[in-house]
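UniProt numbering applies: residue 5 is where the sequence shown begins, and numbers increase by one. Glycine included, every Cβ here is placed at the ideal spot set by N, Cα and C. For reference, the structure is listed below as structure tokens.
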Amino acid sequence: NGFLYVVATPIGNLDDISQRAIDTLKQADWIAAEDTRHTGRLLQHLAISAKTIALHDHNEKQRAASIIQKCQAGENVALVSDAGTPLISDPGYSLVRQCREAGVRVIPIPGPCALITALCAAGLPTDKFHFIGFLLPKSQQRQNQLADVPAAVGTIICYDTARRIKDTLQDVALVFGAERELVLAKELTKTFEHLEYGTAEQITTWLEADPQRCQGEMVLMIAPTPKADSEISDAAQATLKLLLAELP
Ligand code: SAM
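This is the structure in structure tokens:
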């Protein structure tokens with residue numbers, strides 16, 4: 005049997021592709037791509053001339069059957085998306101699920117992913133985080149989406165578009181309060197990479213200072229619920245425990 009390789013590709017800087025990803029794309033019989041023209045440019049850059057198949061949200065269920073047939077006939081298929089890790093706010097879930105059910109081995113080739121890239125540079129807690137994917141387009145839906153996130157999930161990570169980011173920041177302030185610490189990570193790995201820290205209002209002021217700041221790709225991160233003042237700190241709790249142990 006052939007395999008399905010899930011191959012991460014760069015989110016901006018083409019040098020971020022791994023050697024293993026290059027080797028996998030080179031030896032694949034087929035490359036299943038979200039947008040074959042877009043992936044064609046990456047393949048050209050890597051001097052790879054593989055056969056490509058389009059696999060996007062609208063044809064994924066049907067295409068999966070023919071990809072599985074190829075694997076069962078001994079061919080290797082590499083799945084890529086336009087940028088980053090396939091399946092992460094991108095097509096591929098249905099294909100991977102069907103491969104699993106059909107007994108086709110799925111091999112992940114890890115690499116860039118915007119949410120992880122953003123989180124590791126944000127200076128927000130990383131021990132627990134919650135990725136909610138793309139924020140919904142309408143303000144009310146978006147507020148409900150944000151309000152539905154339970155308080156204890158840690159840092160909240162969202163994908164959003166340049167067109168909506170200012171409205172989103174207003175919704176975030178409504179749902180989490182105007183003081184909540186946010187980080188907006190823009191154009192990661194690209195020339196104009198920038199991380200802006202602050203409240204919704206501070207980040208909005210920064211965006212409004214230059215129309216170019218409202219363009220490009222962005223990840224919004226929301227700091228976890230701050231500990232209430234009345235809550236006892238970890239250090240105080242440890243001291244209290246020691247003192248209690250001493251009590252007769
Ligand atoms: N599969 C991709 C991944 O692994 O992150 C995500 C694909 S999703 C269709 C595209 C969204 O990811 C963008 O709207 C943006 O929110 C985020 N994104 C992708 N590349 C980015 C970058 N270079 N800088 C900031 N955000 C990025």
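For residue 186, the Cβ stays outside the 7 Å cut-off from all heavy atoms of the ligand SAM.
Straight across, the Cα-Cα distance linking residue 211 with residue 133 is about 25 Å. Taking C-beta atoms as the reference points, residue 90 and residue 15 fail to come closer than 8 Å.
Residues of the same chain with a CB within less than 7 Å of the CB of residue 207, apart from the 5 flanking positions on each side, are 173, 186, 188, 200 in chain order. Distance from the CA atom of residue 107 to the CA atom of residue 101, rounded to whole angstroms, is 10 Å. Within the stretch 75-117, the complete alpha helix (DSSP H) segments at least 4 residues long are 97-106, listed from N- to C-terminus.
Here residue 37 is buried: its Cβ has 16 or more other Cβ atoms, across all protein chains shown, within 10 Å. Its chain contains 229 as the residues whose beta carbon lies nearer than 7 Å to that of residue 155, once the 5 sequence neighbours on both sides are disregarded; these appear in chain order. Relative to the ligand SAM, even the nearest heavy atom lies 7 Å or more away from the CB of residue 152. Per DSSP, reduced to three states, the secondary structure at residue 180 is helical.
Secondary structure note for residue 37: its beta strand (DSSP E) is the uninterrupted segment 34-37. Residue ranges of uninterrupted beta strand (DSSP E) with 3 or more members, entirely inside the stretch 150-233 and ordered along the chain, are 159-165, 186-190, 198-202, 221-226. In terms of CA proximity to residue 51, 31 leads the group 31, 176, 203. Secondary structure of residue 49 (DSSP, three-state): helix.
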